[in-house]
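J.: Structure in structure tokens, see below.
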Amino acid sequence: MQTQVLVIGAGATGTGIFRDLALRGVECMLIEQRDVNAGASGGNHGLLHSGARYVATDPHSANECKVEGDIIKEFAPHCIENTGGLFVAVKGDDEEYINQFPVNCEKAGVPCREVSPEEALELEPNLNPDVIAAYEVEDASIDPFKLSLENVADAEAHGGVYKRYMQLLGFNRDGGKITGARVVNTRTGKESVIEAEQYVNATGAWAANVAEMAGADIRMTYAKGSLLVTLSRLNHRVINRLRPPGDGDILVPGGTVSVLGTTSVRVEDLDNVAPSIDEINRNIDQGAQMVPALDTCRYVRAYAGVRPLVQLGESSSDRAASRGYALFGHEEDGLDNFITITGGKLTTYRLMAERCTDLVCNRIKVDAPCLTAGKVLPDYVQTEWAEPSILTKREWMRRHKSDDYLLCECEIVPKSAVDAILDSFGPDEKPRIQAVGLRSRVGKGSCQGAFCGARIAAHMYDRDLFEGDAGLDSMRDFLSKRWKGQRPILWDAQFNQAELKEALYFGLLNLEMD
Amino acid sequence: MSTMPVTERDLFVVGTGIAGMSAAVYAAKRGLSVCQAGSTGEIVFSSGLFDVMGVHPVAEKKLWENPWEAMAAVAADMPDHPYAHVTREEVEKAYGELFDFLSEFGLEYRMVKDANSKVVTPIGTEKTTWAVPATMWAGVEAFKNNTPALLIDFEGLREFSAKQVATTLGDKWSNLKTMRIEFPDSASMKPILTGIMAQAMELKETREKLYSLIKPHLDGVEAVGVPAILGLYTPGEILEEMEKELGVKVFELPTLPASVPGMRLKSLFEGRISTLGVDLKLQHKVFSITPLNDGRYEVTFGVQAPTEKVVAKGVVLATGRFLGGGLFADRHHIVETVMNLPVSQPADREEWHRTDLLDPRGHKVSSAGVEVDSSFRPVDENGEVVHERVYAVGSLLAHQDWMRMKCGTGIAVASSLRAVEAFVAQQ
Chain A
0 MQTQVLVIGA
10 GATGTGIFRD
20 LALRGVECML
30 IEQRDVNAGA
40 SGGNHGLLHS
50 GARYVATDPH
60 SANECKVEGD
70 IIKEFAPHCI
80 ENTGGLFVAV
90 KGDDEEYINQ
100 FPVNCEKAGV
110 PCREVSPEEA
120 LELEPNLNPD
130 VIAAYEVEDA
140 SIDPFKLSLE
150 NVADAEAHGG
160 VYKRYMQLLG
170 FNRDGGKITG
180 ARVVNTRTGK
190 ESVIEAEQYV
200 NATGAWAANV
210 AEMAGADIRM
220 TYAKGSLLVT
230 LSRLNHRVIN
240 RLRPPGDGDI
250 LVPGGTVSVL
260 GTTSVRVEDL
270 DNVAPSIDEI
280 NRNIDQGAQM
290 VPALDTCRYV
300 RAYAGVRPLV
310 QLGESSSDRA
320 ASRGYALFGH
330 EEDGLDNFIT
340 ITGGKLTTYR
350 LMAERCTDLV
360 CNRIKVDAPC
370 LTAGKVLPDY
380 VQTEWAEPSI
390 LTKREWMRRH
400 KSDDYLLCEC
410 EIVPKSAVDA
420 ILDSFGPDEK
430 PRIQAVGLRS
440 RVGKGSCQGA
450 FCGARIAAHM
460 YDRDLFEGDA
470 GLDSMRDFLS
480 KRWKGQRPIL
490 WDAQFNQAEL
500 KEALYFGLLN
510 LEMD
Chain B
0 MSTMPVTERD
10 LFVVGTGIAG
20 MSAAVYAAKR
30 GLSVCQAGST
40 GEIVFSSGLF
50 DVMGVHPVAE
60 KKLWENPWEA
70 MAAVAADMPD
80 HPYAHVTREE
90 VEKAYGELFD
100 FLSEFGLEYR
110 MVKDANSKVV
120 TPIGTEKTTW
130 AVPATMWAGV
140 EAFKNNTPAL
150 LIDFEGLREF
160 SAKQVATTLG
170 DKWSNLKTMR
180 IEFPDSASMK
190 PILTGIMAQA
200 MELKETREKL
210 YSLIKPHLDG
220 VEAVGVPAIL
230 GLYTPGEILE
240 EMEKELGVKV
250 FELPTLPASV
260 PGMRLKSLFE
270 GRISTLGVDL
280 KLQHKVFSIT
290 PLNDGRYEVT
300 FGVQAPTEKV
310 VAKGVVLATG
320 RFLGGGLFAD
330 RHHIVETVMN
340 LPVSQPADRE
350 EWHRTDLLDP
360 RGHKVSSAGV
370 EVDSSFRPVD
380 ENGEVVHERV
390 YAVGSLLAHQ
400 DWMRMKCGTG
410 IAVASSLRAV
420 EAFVAQQ
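One line per chain: the protein sequences are A and B, in this order.
Under numbering that gives the first Met the number 0, the residues of the first sequence are numbered 0 to 513, in order.
Under numbering that gives the first Met the number 0, the residues of the second sequence are numbered 0 to 426, in order.
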């Protein structure tokens with residue numbers, strides 16, 4: 000296979016670069032080992048930062064967030080819920096930090112408006128009544144998954160080629176040039192070489208590993224952040240704790256749920272990242288100081304992402320470490336057609352993509368300007384089934400076609416939606432249950448995949464997508480992956496659901512017996 | 000509270016799952032006056048299959064062909080396992096009395112006395128069990144003998160794909176063919192649920208339509224399998240008629256809960272247990288059980304608040320685990336919900352569940368529960384009996400992982416029998 004520019008990694012940054020290249024008319028291909036947003040881009044809050052979080056520690060990043068946030072709200076409104084945000088302090092929080100907040104916002108060019116505790120409580124009735132200070136900011140919530148899918152779709156519409164399930168095995172190198180990327184299709188086992196003029200490493204937390212394959216050296220550390228999702232939405236706006244960053248300091252609403260985060264734990268192993276019980280307890284204990292209902296509400300799952308932190312200087316704390324991005328041309332590694340971009344945050348993904356694409360275009364002598372800031376991102380992709388329950392059961396009963404029915408009852412996902420998702424895969428892509436789970440709410444409801452998992456498997460067998468016991472493997476895989484997010488929140492009703500699932504799959508179906 | 004009606008009984012049974020129902024049957028058959036309270040949800044989740052013991056040790060996934068040898072091995076290796084307190088003879092006696100009761104009202108069970116059987120599941124795995132509903136027996140034999148068979152599934156029936164069963168079993172049942180048909184008069188009923196189909200199968204008209212859909216496809220077929228839908232009340236008669244009409248053996252496969260075999264058990268128990276004189280209070284929750292000075296127990300219960308009071312000489316707690324409501328987990332601890340009995344449990348939540356769902360050792364919390372003496376009376380951490388005539392039975396018990404060991408109903412019936420007989424002996 001050949002292309003002019005090969006982008007590796009389909010997270011927010013990689014898909015952003017993919018679109019940027021395609022809009023500039025550059026022939027490009029995007030490959031991804033798993034599926035869209037498999038790393039940190041799919042394991043964050045879905046917060047479009049106002050920048051206010053960074054005004055004290057990193058005013059430059061804060062301002063970048065403000066500027067980029069405004070741009071994204073303009074060109075991708077369908078990926079955003081413009082909730083607005085609050086920063087709140089409760090009794091006992093550091094007064095100095097509180098007093099400096101509006102000053103720092105002003106300096107960084109991040110708008111904020113002081114609101115009285117009474118007004119704050121009126122805006123957000125679930126706030127702790129002991130709130131002592133509050134500021135309104137321009138935070139919003141964003142669907143990172145839809146954003147990346149739309150970027151891919153728009154790039155494809157402009158000639159880009161996207162290939163998922165392509166694992167990078169290594170690079171062929173001839174002196175200062177990479178001559179090919181060796182890849183294997185993880186579904187078919189077929190190996191091939193992709194030849195390009197420029198290679199872009201946009202693999203997020205895996206960037207150091209990929210750079211090493213190319214013979215380049217990047218020093219990175221990894222900070223795991225764990226979050227948890229409530230069963231029902233507790234807040235209208237994003238609620239941030241008005242104090243230096245820490246556990247349980249942010250609650251981001253989206254659709255019918257709220258997301259509580261975030262811890263920061265150094266990790267070494269990138270492939271076994273799961274939220275721990277201790278992290279979840281810390282988030283809840285801290286978060287409940289802000290929103291007391293967090294102590295008693297029901298949670299549906301937890302998840303974790305790994306922030307890639309590039310070590311540019313000496314930094315003592317991962318939280319204080321720059322959330323800025325790093326762009327490497329690798330000339331000092333003796334390479335002239337390999338680029339790494341990593342770090343950064345979701346809110347500045349477009350800017351990172353622009354800077355990276357500028358470098359690529361400079362090297363391949365293309366002088367087309369970046370168009371991503373001004374060009375509206377079309378709404379191509381049917382991701383409605385990935386969003387929290389867009390339909391109530393009653394609405395579904397009224398609206399659905401007579402030959403359609405629900406495969407997932409907790410989250411109202413019908414057979415027609417599952418079919419549409421399955422139809423979007425090519426014949427050699429062999430989707431598994433997990434691929435449906437990624438593109439829909441299947442498995443994310445209160446049954447934790449117990450019933451929908453079996454139903455999707457049966458449906459996929461009926462569509463000849465599984466043969467032999469491949470579907471059983473896929474069920475085990477699907478349930479195990481969901482388990483990572485359930486284990487830390489198993490108490491009360493969620494515990495009972497987990498028991499039902501075990502009774503079903505192990506007690507009755509013997510799925511554990513290989 | 001003082002105006003609540005008070006009734007006196009010999010035994011109060013809390014819970015209406017397999018353990019509670021069998022305890023009520025055994026007690027009533029022994030002439031005790033029994034009041035029983037519980038919600039109605041539990042038993043409908045039963046698969047309809049009755050286990051003795053299938054897998055031990057769990058971590059080795061060792062499957063036993065002979066359930067009694069398995070039971071003996073467990074009793075020897077795990078001195079705290081409920082089976083260490085009972086004998087094989089008691090398990091057989093408990094099942095015998097239970098099956099007599101079920102048979103009297105039309106639910107027959109089949110088994111090989113000294114061997115586990117393999118039932119094909121709706122996902123194409125093999126479930127090791129001991130006694131199976133008679134309506135499933137021909138399937139057990141056909142699978143064992145690779146009999147040429149036709150497995151039928153239905154348009155709009157989720158969680159049951161005949162194709163999945165056949166391809167997953169592969170060579171294990173190479174003579175299994177599949178066919179999908181539209182269930183009679185169900186064109187406008189999608190999805191279709193097995194309970195609705197079973198109800199429709201009570202009608203002769205539906206059955207005849209179904210037979211005529213199947214008949215043209217029986218070339219070379221010696222047995223026909225369907226998901227468990229052969230009626231809610233008289234499955235034996237429907238099976239017999241269907242075999243006669245089709246001229247081949249017919250069998251049901253289990254389905255996911257709430258399944259028809261579970262509904263049959265539920266309706267039989269709930270409808271017929273009163274024939275034994277059991278005073279069954281369905282959808283009633285027990286609010287308090289208080290020991291009285293005379294050695295008896297005062298039980299208050301009601302639908303939403305306590306509205307009735309029974310003074311009983313003994314209490315059987317058959318309240319199940321977390322799903323059943325006998326145990327409750329908050330963010331830090333596990334408690335027993337009715338009498339706040341001591342619960343054997345891991346030190347903290349970090350140890351409840353393994354990080355891997357499929358960890359071959361199972362999860363530690365699966366063995367949490369109430370510890371008992373050999374009469375199934377709850378004991379505290381020092382092994383002291385907590386209440387003289389309170390008994391804990393079934394899945395509430397500690398030191399067993401019924402889901403992985405495949406011993407849930409065996410423990411339920413055997414512990415219930417031992418508890419009832421111990422209570423009788425104590426009188």
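Where a beta carbon is used, it is the ideal one built from N, C-alpha and C, also for glycine.
1. Please say whether K162/B and Y460/A have beta carbons closer to each other than 7 Å?
2. Return no unless some Cβ of chain A is closer than 7 Å to the Cβ of I213/B.
3. Do the CB positions of A26/B and L48/B come within less than 7 Å of each other?
4. So, using beta-carbon positions, are V302/B and V389/B closer together than 7 Å?
5. How do the stretch 232-251 of chain B and the stretch 130-141 of chain B stand: do at least 3 beta-carbon pairs fall below 8 Å, yes or no?
6. Taking only beta carbons into account, state which residues of the stretch 424-454 of chain A come closer than 8 Å to chain B, listed in chain order.
7. Just the Cα atoms here: how many angstroms apart are R263/B and F44/B?
8. Taking 7 Å as the CB-CB cut-off, is E158/B touching chain A?
9. What would DSSP say about D152/B, mapped onto helix, strand or coil?
10. Can we say the stretch 290-309 of chain B touches the stretch 470-488 of chain A, given the rule of at least three CB pairs closer than 8 Å?
11. Does any C-beta atom of chain A lie closer than 7 Å to the C-beta of S46/B?
12. So, with DSSP's three-state summary, where would you put Y164/A?
13. Take the Cβ of G168/A as the centre, count every other Cβ of all protein chains shown within 10 Å, and call the residue buried at 16 or more, exposed below.
14. Among G8/A, P116/A, V264/A, S147/A, which has the Cα closest to the Cα of L226/A?
15. What do you reckon, are the CB atoms on L503/A and A449/A nearer than 7 Å?
16. Determine, using beta carbons only, whether D430/B comes closer than 7 Å to chain A.
17. Would a C-beta distance cut-off of 7 Å place A222/B and A165/B closer than the cut-off?
18. Using 10 angstroms around the beta-carbon of R5/B, count the other beta-carbons present and answer buried if the total reaches 16, otherwise exposed.
19. Give a yes or no on whether the C-beta atoms belonging to M200/B and I228/B are separated by under 7 Å.
20. Relative to the C-alpha of G16/B, which residue among V385/B, K61/B, E370/B, S46/B is closest?
21. State yes or no: is the C-beta of V380/A within less than 7 Å of the C-beta of E149/A?
22. With respect to the beta strand (DSSP E) encompassing Q35/B, which residues constitute its N-terminal and C-terminal limits?
23. Run through chain B and tell me which residues come within less than 7 Å of I276/A, C-beta to C-beta.
24. Please confirm if G8/A has its CB atom under 7 Å from at least one CB of chain B.
25. Name the chain A residues that come within less than 8 Å of Q163/B, Cβ to Cβ?
26. Please list, in chain order, all residues of the same chain as F268/B whose beta carbon is under 6 Å from its beta carbon, the five residues on each side excluded.
27. The alpha helix (DSSP H) with F450/A in it runs from where to where?
28. Here's the rule I'm using: 16 or more other beta-carbon atoms within 10 Å means buried, otherwise exposed. How should Q447/A be labelled?
29. Would you verify that the beta carbon of A303/A is, or is not, closer than 7 Å to some beta carbon of chain C?
30. 7 Å is my cut-off, CB to CB: does S479/A come that close to chain B?
31. Quick check on DSSP: helix, strand or coil for Y221/A?
32. Quick one: residues in its chain with C-beta nearer than 8 Å to the C-beta of E501/A, no 5 flanking neighbours on either side, listed in chain order?
33. Just to confirm my understanding: we take S32/B, look at its own chain, exclude 5 residues before and 5 after, and list those with CB closer than 6 Å. What are they?
34. Starting from T339/A, trace the beta strand (DSSP E) both ways and give me its first and last residue.
35. In whole angstroms, give me the CA-to-CA distance for T341/A and R218/A.
36. Please confirm whether G83/A has its beta-carbon closer than 7 Å to some beta-carbon of chain B.
T.: According to the structure shown:
1. Counting from 1 along the first sequence, the entry for residue 460/A is found at position 461. Counting from 1 along the second sequence, the entry for residue 162/B is found at position 163. Yes, the pair counts as a contact, with Cβ atoms nearer than the cut-off.
2. The residue you call residue 213/B lines up with position 214 of the second sequence. With 7 Å as the cut-off, I213/B does not count as an interface residue toward chain A.
3. For the purposes of this step, residue 26/B is taken as residue 27 along the second sequence, with counting starting at 1. For the purposes of this step, residue 48/B is taken as residue 49 along the second sequence, with counting starting at 1. Not in contact: A26/B and L48/B (Cβ atoms no closer than 7 Å).
4. On the second sequence, position 303 is the one that residue 302/B refers to. On the second sequence, position 390 is the one that residue 389/B refers to. Cβ distance not < 7 Å, so V302/B and V389/B don't count as in contact.
5. yes
6. F450, A453, R454
7. To locate residue 263/B, count along the second sequence from 1; it is residue 264. To locate residue 44/B, count along the second sequence from 1; it is residue 45. Distance between the alpha carbons of R263/B and F44/B is about 11 Å.
8. In the second sequence, the residue the question calls residue 158/B occupies position 159. Chain A, which has a Cβ nearer than 7 Å to the Cβ of E158/B, makes this yes.
9. Locating residue 152/B in the second sequence gives position 153, where the first residue counts as 1. D152/B: strand per DSSP, three-state reduction.
10. no
11. On the second sequence, residue 46/B is found 47 positions in, with the first residue counted as 1. It does; some Cβ of chain A falls within 7 Å.
12. Here residue 164/A corresponds to residue number 165 of the first sequence, with the count starting at 1. In this structure, Y164/A counts as coil in the three-state DSSP scheme.
13. Your numbering for residue 168/A matches position 169 in the first sequence. According to the sequence shown, residue 168/A is Leu rather than Gly. Exposed is the call here.
14. Start at 1 with the first residue of the first sequence, and residue 226/A comes out as number 227. Checked all of G8/A, P116/A, V264/A, S147/A; the closest Cα to L226/A is V264/A.
15. As a position in the first sequence, residue 503/A is number 504, starting the count at 1. As a position in the first sequence, residue 449/A is number 450, starting the count at 1. Cβ atoms of L503/A and A449/A: closer than 7 Å.
16. This structure cannot speak to residue 430/B, because chain B is shown only from 0 to 426.
17. For the purposes of this step, residue 222/B is taken as residue 223 along the second sequence, with counting starting at 1. For the purposes of this step, residue 165/B is taken as residue 166 along the second sequence, with counting starting at 1. No. Outside cutoff.
18. Translated into positions along the second sequence, residue 5/B becomes position 6. The question names Arg, but residue 5/B in the sequence shown is Val. Classification for V5/B: exposed.
19. Your numbering for residue 200/B matches position 201 in the second sequence. Your numbering for residue 228/B matches position 229 in the second sequence. Yes, Cβ-Cβ distance for M200/B and I228/B is below 7 Å.
20. Residue mapping note: residue 16/B aligns to position 17 of the second sequence, counting from 1. For the residues V385/B, K61/B, E370/B, S46/B, the minimum Cα distance to G16/B belongs to S46/B.
21. Taking the first residue of the first sequence as position 1, residue 380/A is located at position 381. Taking the first residue of the first sequence as position 1, residue 149/A is located at position 150. Cβ atoms of V380/A and E149/A: closer than 7 Å.
22. Looking up residue 35/B in the second sequence gives position 36. Element bounds for Q35/B: 33-37.
23. Against the first sequence, residue 276/A aligns to sequence position 277. Those are R348, E349, listed as they occur along chain B.
24. In the first sequence, residue 8/A corresponds to position 9, counting from 1. False, the Cβ-Cβ gap to chain B never drops below 7 Å.
25. In the second sequence, the residue the question calls residue 163/B occupies position 164. Neighbours of Q163/B on chain A, chain order: A456, A457, Y460, D461, F465, G470.
26. Numbered from 1 along the second sequence, position 269 holds the residue referred to as residue 268/B. Once the five neighbours on either side are set aside, the close Cβ partners of F268/B are M20.
27. In the first sequence, counting from the first residue as 1, residue 450/A sits at position 451. 449-461 is the extent of the alpha helix (DSSP H) around F450/A.
28. Working through the first sequence from its first residue, we reach residue 447/A at position 448. Buried, by the Cβ-count rule.
29. Going by chain labels, chain C is absent from the structure shown, which instead holds the protein chains A and B.
30. Working through the first sequence from its first residue, we reach residue 479/A at position 480. Taking Cβ atoms only, chain B reaches closer than 7 Å to S479/A, which makes this a yes.
31. Numbered from 1 along the first sequence, position 222 holds the residue referred to as residue 221/A. Reduced to three states, the DSSP call for Y221/A is strand.
32. In the first sequence, the residue the question calls residue 501/A occupies position 502. Cβ within range, chain order: n/a, list empty.
33. For the purposes of this step, residue 32/B is identified with residue 33 of the second sequence, where counting begins at 1. Closer than 6 Å at Cβ, skipping near neighbours: R8, D9.
34. Reading the first sequence from its first residue, position 340 is the one you call residue 339/A. Here the beta strand (DSSP E) through T339/A covers 337-342.
35. Within the first sequence, the letter at position 342 stands for residue 341/A. Within the first sequence, the letter at position 219 stands for residue 218/A. So the alpha carbons of these two residues sit roughly 11 Å apart.
36. Counting from one through the first sequence, the residue named residue 83/A turns up at place 84. No, G83/A does not count as interfacial toward chain B.
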